[in-house]
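Trainee: Just passing along the structure, written as structure tokens.
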Amino acid sequence: MSTADAIACGSPYFTGDLRFPGTLVFMLNNTNDILTAVGIVKTFPGAVALDKVNFSLRRGEVHALLGENGAGKSTLIKCMTGAYRRDAGTLTLDGTEIDPHDTLDAQKLGIGTVYQEVNLLGNLSVAENLFLGRQPRRFGLVQTGEMKKRANALLAQYGININVSAALGSFSVAIQQVVAIARAVDLSGKVLILDEPTASLDAQEVEMLFRIVRDLRARGLGIVFITHFLEQVYDLTDRITVLRNGQLVGTRETASLPRRELVTMMLGHELQSAEKAVAEAESSSGPVQFRFSNYGKAGTIKPFDLDVRKGEVVGIAGLLGSGRTETAELLFGVHKADSGTAEIGGKPANLSSPRAAIAARFGFCPEDRKVDGIIGELSVRENIALALQARRGWARPLSAAEQNALADRYIKALDIRTSDREKPIRLLSGGNQQKAILARWLATNPEFLILDEPTRGIDVGAHAEIIRLIRELCAQGMSLIVISSELEELVAYSSRVLVLRDRAHVAELTGSEITTEHIVNAIAAAPGAGEHP
Amino acid sequence: MIESALRFGHRLLPQLVALTIILLLIWLVFPGFFALEIQNGRLYGSVIDILNRGAPVALLAVGMTVVIATKGIDLSVGAVMAICGAVAAASSVRGDPLTVTLLLAIGTGLVCGVWNGFLVSVLNIQPIIATLVLMVAGRGIAQLVTEGAILTFNDPGLIFIGSGAFAGLPMPVVIWLVFGIAVTLLVRRTALGMLIEAVGINRRASTLSGIQTPLLLMAAYMLSGLCAAIAGLIVTADIKGADANNAGLWLELDAILAVVVGGTSLLGGRFSIIASLAGAMIIQAVNTGILLSGFPPEFNLIIKAAIIVIILVIQSPRVQAGVTFLSRKSVR
């Protein structure tokens with residue numbers, strides 16, 4: 259029996275062609291499908307962003323859309339929400355063919371989208387945001403009371419009880435996201451697309467969001483979920499569709515897809531499994547190069563002691579708000595310590611400003627690279643040369659040839675993917691921006707490098723490369739402080755792990771103590787119930 | 153080398169095209185426009201007149217470009233011109249030697265710049281508010297210096313700055329050309345240009361990269377004060393007297409316009425001093441052109457506004473993208 263025959267008679271025995279698992283899902287005319295996209299093609303000048311991609315979404319499922327940066331996830335989403343016009347292919351929503359010409363149109367048809375950066379108006383109230391453009395009116399005047407009542411009722415469905423008259427911007431990103439979801443579901447109600455909703459949430463907020471998503475699934479919505487976090491994919495989703503280089507790799511049931519195979523689908527090659535760093539034995543015996551004693555700042559982070567040896571990677575773990583970034587900023591002189599001393603190689607060191615820290619051969623890749631890292635309009639070359647140039651001073655410019663050589667060297671060494679070094683850095687993907695910021699510091703030849711969430715929000719491939727770089731750097735004798743909420747990562751490369759809770763250092767794990775379990779225990783330990791796991 | 157020259161040419165193209173079109177339009181209604189003659193070893197003609205009359209705005213535009221590149225703005229330059237002119241006139245009337253007079257005026261401009269820079273970089277006040285303070289107070293200060301009258305002087309050295317000639321060109325033209333080129337070389341041959349652009353685009357990331365952001369901001373406002381001082385000297389020397397009420401009046405707006413017409417974004421970042429100088433000349437060419445073509449003077453501002461709107465439309469990202477698209481198509 260051929261494939262076509264199987265479909266024609268709806269054979270229950272035909273379970274899928276292993277070579278083209280994705281193609282089949284749409285071909286089986288499943289009446290449970292709420293949204294199907296068939297043969298979507300989208301080309302941009304000089305590039306095919308989507309090449310005959312098929313996608314189907316069932317009622318009452320959470321469907322992960324995965325792929326590395328540039329795989330075509332956003333393009334596919336934008337074709338489905340009308341933000342882009344597709345060049346070819348058909349979209350079917352609830353059995354009828356649709357052709358949304360803009361996002362508003364798609365919303366009216368039933369497809370709502372919530373983006374990572376909440377696209378609502380922070381200065382308006384929660385209620386106004388929920389009912390913007392459709393406020394309850396009487397005689398042309400907005401009925402504020404009625405609107406608040408409805409807003410409260412709407413949010414109550416999501417288990418949220420907040421002051422709906424307060425400005426949306428005064429709430430946490432998680433609440434803003436729920437408001438965005440509430441608005442999208444209320445407006446559209448058939449399909450909800452969540453584009454990296456968890457990127458800036460902490461663990462509890464993620465749990466709250468997942469509870470809401472599961473509720474919506476139970477109500478029969480089709481939900482598309484885009485994320486970089488594989489744990490969340492396995493935690494939440496029913497099926498997974500993977501794109502690579504604008505083409506469909508496949509659609510699979512989450513439960514029957516091993517993580518390793520998923521990563522292989524995304525990357526096209528197997529990721530080397532993370533192994534414990536071996537440098538630990540030798541590095542922990544060397545002399546202490548950087549010593550911070552009783553170092554702290556009132557109201558920011560409680561005084562702590564920290565010794566770092568040459569070639570050592572010290573990991574810092576803790577929940578959001580536990581003082582991780584504050585520790586990094588204190589070490590780098592962004593905030594001035596008001597207690598304790600810093601010593602480098604046994605001599606007192608002045609770390610009163612970033613400039614002073616840089617003079618002491620420190621480097622700092624900040625967590626929020628868009629705000630604190632990249633100079634968006636400047637070229638990749640200038641971004642890489644910046645810190646070195648700042649240290650040399652304005653009167654001793656790096657010549658064009660020197661800058662070019664510097665940029666070319668690091669673009670090659672770190673595999674920064676850019677069409678050329680003169681491209682404005684804001685046009686690069688997140689992972690490549692991160693590598694360019696790393697290059698900016700490597701160019702200054704630092705001895706002490708602080709990496710705050712170096713792998714946040716970047717795709718799996720770049721992730722592995724950053725980890726490989728961290729290993730290489732410490733092998734070259736550089737001392738690293740790495741802050742990360744990805745515990746497996748910390749375990750993989752740290753010689754020691756500091757655990758933070760409530761703006762204080764509460765535990766230090768070494769050697770065989772470094773396991774994700776121990777770190778989680780230390781983070782979760784009740785205050786006063788013994789600091790060490 | 154050729155590559156960077158091409159990029160430079162591409163950057164300046166809209167301004168040069170606009171300037172050429174305006175000059176040609178003036179020539180159509182006023183055929184003697186391009187005529188030049190030499191009298192007493194000095195060039196005369198309408199084109200020279202544009203270069204000469206445009207000197208104050210050109211000088212202000214140099215400093216304004218750098219300030220705007222840092223994501224700031226300096227509204228006080230017109231008032232600073234008046235203060236520095238008044239200081240120079242008072243000094244000259246007192247009988248100070250020319251060098252003292254010049255140093256006093258320039259020093260005053262730098263002090264004004266330090267004040268603005270202090271408000272912006274140390275107290276972190278928004279530049280538009282910070283410089284508004286001196287814009288409002290400045291003319292009062294100038295009136296205090298001149299004691300409410302128009303101070304006239306007749307020191308030939310000081311007057312030479314406004315109406316003298318050097319190498320056949322009026323002194324103001326020589327001054328703004330030399331000064332503009334000197335500042336361009338200063339920012340582009342050192343790393344200052346890149347650091348200023350970095351601060352303008354992302355101040356926090358720049359500080360984290362080790363750039364001395366407060367010092368750079370201070371330097372930018374001091375440069376603007378210096379430019380205003382020189383422009384104030386030229387205006388004062390030209391009329392042989394300090395007019396606290398009218399010297400440099402509204403010129404801050406012309407300077408901002410020159411920068412914008414020159415294609416530097418008010419959001420800070422990438423800047424070109426040469427393009428701003430071209431912008432200043434465009435504005436002056438429009439002014440002079442309207443006078444020469446004999447339109448009733450009440451149309452002047454409206455025509456000026458219309459021409460500027462056209463220039464800005466040509467520069468808008470949308471139109472630029474369209475032009476790029478079309479030119480690529482035609483190449484194929």
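If you read the protein sequences in the order shown, they are chains Y and S. Here the first sequence stands for residues 259 to 791, where the numbers follow our numbering. Here the second sequence stands for residues 153 to 484, where the numbers follow our numbering. By construction, the Cβ of each residue, glycine as well, lies at the ideal position given by its N, Cα and C atoms.
For Lys681(Y), count the other beta carbons within 10 Å of its own beta carbon; 16 or more makes it buried, fewer makes it exposed. Which is it?
Mentor: exposed
Trainee: In the stretch 332–353 of chain S, which residues sit with their C-beta less than 8 Å from some C-beta in chain Y, listed in chain order?
Mentor: Arg341, Thr342, Ala343, Leu344, Met346, Leu347, Glu349, Ala350, Ile353
Trainee: In the DSSP output, what is Gly393(S) paired with across the bridge?
Mentor: Bridge partners of Gly393(S): Thr304(S).
Trainee: With a threshold of 9 Å between beta-carbons, can Ile602(Y) be considered close to chain S, or not?
Mentor: Not a single CB atom of chain S sits nearer than 9 Å to the CB of Ile602(Y).
Trainee: Excluding the five sequence neighbours on either side, which residues of its own chain have a C-beta within less than 8 Å of the C-beta of Val465(S), listed in chain order?
Mentor: Val471
Trainee: For chain B, check one thing: does any of its Cβ atoms lie closer than 9 Å to the Cβ of Ile739(Y)?
Mentor: Protein chains Y and S are contained in the structure displayed, whereas chain B is not.
Trainee: Which word fits His776(Y), buried or exposed, when buried means at least 16 other C-beta atoms lie within 10 angstroms of its C-beta?
Mentor: With 16 or more other Cβ atoms within 10 Å, it is buried.
Trainee: Give the single residue among Leu488(Y), Ala595(Y), Ile674(Y), Gly368(Y) whose Cα lies nearest to the Cα of Leu515(Y).
Mentor: Leu488(Y)
Trainee: Using CA atoms only, rank isn't needed, just tell me which of Arg714(Y), Ser610(Y), Ala643(Y) is closest to Ser687(Y).
Mentor: Arg714(Y)
Trainee: Over the uninterrupted beta strand (DSSP E) stretch that includes Lys555(Y), give me the two end residues.
Mentor: 546–555
Trainee: Just the chain Y side, please: which residues come within less than 7 Å of Ala357(S) by C-beta, in chain order?
Mentor: Asp630, Gly631, Ile632, Ile633
Trainee: Can you find the residues in the same chain that come closer than 8 Å, C-beta to C-beta, to Leu656(Y), ignoring five residues on each side of it along the sequence?
Mentor: Contacts found: Ala643, Leu646, Gln647, Arg650, Leu664.
Trainee: Which value, in whole angstroms, describes the spacing of the CA atoms of Glu601(Y) and Gln547(Y)?
Mentor: 8 Å
Trainee: Between Leu685(Y) and chain S, is any beta-carbon pair separated by less than 9 Å?
Mentor: no
Trainee: Can you tell me which residues form a DSSP beta bridge with Ser314(Y)?
Mentor: Thr294(Y)
Trainee: So Ala645(Y) contacts chain S; which residues on that side make the cut at Cβ distance below 8 Å?
Mentor: Ser361, Gly362
Trainee: Residues in its own chain within less than 7 Å of Pro866(Y) by CB, not counting five upstream and five downstream?
Mentor: Absent from the model: residue 866(Y). The displayed extent of chain Y is 259 to 791, so no value can be given.
Trainee: Got a sec: is the Cβ-Cβ distance from Ser531(Y) to anything in chain S below 9 Å?
Mentor: Bear in mind that the predicted position of Ser531(Y) carries a pLDDT of just 43, short of 50, making it unreliable; the figure below should be weighed with that in mind. With its beta carbon at least 9 Å from every one in chain S, Ser531(Y) lies outside the interface.
Trainee: Fully enclosed by the stretch 199–264 of chain S, which alpha helix (DSSP H) runs are 4 residues long or longer?
Mentor: 207–221, 229–246
Trainee: What ranges does the beta strand (DSSP E) occupy inside the stretch 353–387 of chain Y, keeping only unbroken runs of at least 3 residues that lie completely in it?
Mentor: 354–356, 369–372
Trainee: From which residue to which residue does the beta strand (DSSP E) around Pro737(Y) run?
Mentor: The sequence given here has Ser at residue 737(Y), not Pro. Note, Ser737(Y): beta strand (DSSP E), 737–741.
Trainee: Within 10 angstroms of its Cβ, does Glu538(Y) collect 16 or more other Cβ (buried), or is it exposed?
Mentor: With a pLDDT of 46 at Glu538(Y), under the threshold of 50, the predicted position of this residue should be treated as unreliable, though the coordinate-derived value follows. Counting other Cβ atoms within 10 Å of its Cβ, Glu538(Y) reaches 16 or more and is therefore classed as buried.
Trainee: When DSSP labels each residue in this structure, what does Thr485(Y) get in the three-state scheme?
Mentor: coil
Trainee: Looking at the secondary structure, which residues open and close the alpha helix (DSSP H) in which Ser332(Y) lies?
Mentor: 331–338
Trainee: Between Glu540(Y) and chain S, is any beta-carbon pair separated by less than 9 Å?
Mentor: Residue confidence for Glu540(Y) is low, a pLDDT of 45 falling below 50, so the modelled location carries little weight and cannot support an answer.
Trainee: Exposed or buried, what is Arg392(Y) when buried is set at 16 or more other beta-carbons lying within 10 Å of its beta-carbon?
Mentor: exposed
Trainee: Less than 6 Å between C-beta atoms, sequence neighbours within five positions excluded: which residues of the same chain meet that for Ala329(Y)?
Mentor: Leu501, Arg502
Trainee: Rank Ala157(S), Gln167(S), Thr222(S) by C-alpha distance to the C-alpha of Leu419(S) and give the top, closest one.
Mentor: Thr222(S)
Trainee: If you measure between the beta carbons of Ala357(S) and Ile632(Y), is that distance less than 9 Å?
Mentor: yes
Trainee: Going by DSSP in three states, Gly573(Y) sits in which element: helix, strand or coil?
Mentor: strand
Trainee: Is Gly292(S) buried or exposed, if buried means 16 or more other CB atoms sit within 10 Å of its CB?
Mentor: exposed
Trainee: Do three or more CB pairs link the stretch 263–270 of chain S to the stretch 228–243 of chain S at distances below 8 Å?
Mentor: Below 8 Å, enough C-beta pairs join the stretch 263–270 of chain S and the stretch 228–243 of chain S to call them touching: three or more.
Trainee: In its own chain, which residues sit with a C-beta less than 6 Å from the C-beta of His763(Y), not counting the 5 before and 5 after it?
Mentor: The answer, listed in chain order, is Phe562, Leu756.
Trainee: So if DSSP puts Ser597(Y) in a beta bridge, which residue, or which two residues, is it bridged to?
Mentor: Gly554(Y)
Trainee: Does the distance from the C-beta atom of Ala410(S) to that of Leu175(S) stay below 9 Å?
Mentor: no
Trainee: Chain Y beta carbons: is any one of them nearer than 9 Å to that of Arg163(S)?
Mentor: So no, Arg163(S) is outside the interface.
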